[in-house]
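K.L.:
So the sequence shown is residues 1 to 50, counted in the numbering used here.
Backbone N, C-alpha and C define an ideal beta-carbon position, used for all residues, glycine too.
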Amino acid sequence: MQRLVALMLLTAFSSVTLTACNTMAGAGKDVQKAGEKVEQKAEDCKDAKC
Numbered sequence: 001m002q003r004l005v006a007l008m009l010l011t012a013f014s015s016v017t018l019t020a021c022n023t024m025a026g027a028g029k030d031v032q033k034a035g036e037k038v039e040q041k042a043e044d045c046k047d048a049k050c
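(1) Pick helix, strand or coil for aspartate 44, following the three-state DSSP scheme.
(2) With DSSP as the reference, label methionine 1 as helix, strand or coil.
(3) Does lysine 49 come out as helix, strand or coil in the three-state DSSP assignment?
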């Protein structure tokens with residue numbers, strides 16, 4: 001019985017951990033794209049195009 005509970009807890013913990021990793025990876029990509037747009041706008045303004 002204890003092995004079953006331990007296995008269930010391990011499975012639940014693994015699922016939550018993997019989901020969190022994918023969520024953070026997606027958020028990182030969104031932040032990276034936003035940063036690229038800000039960088040491009042800054043480059044445009046540096047050349048007096050804004």
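P.N.:
Concretely, from the data shown:
(1) helix
(2) DSSP places methionine 1 in coil when its eight states are reduced to three.
(3) It is coil, neither helix nor strand.
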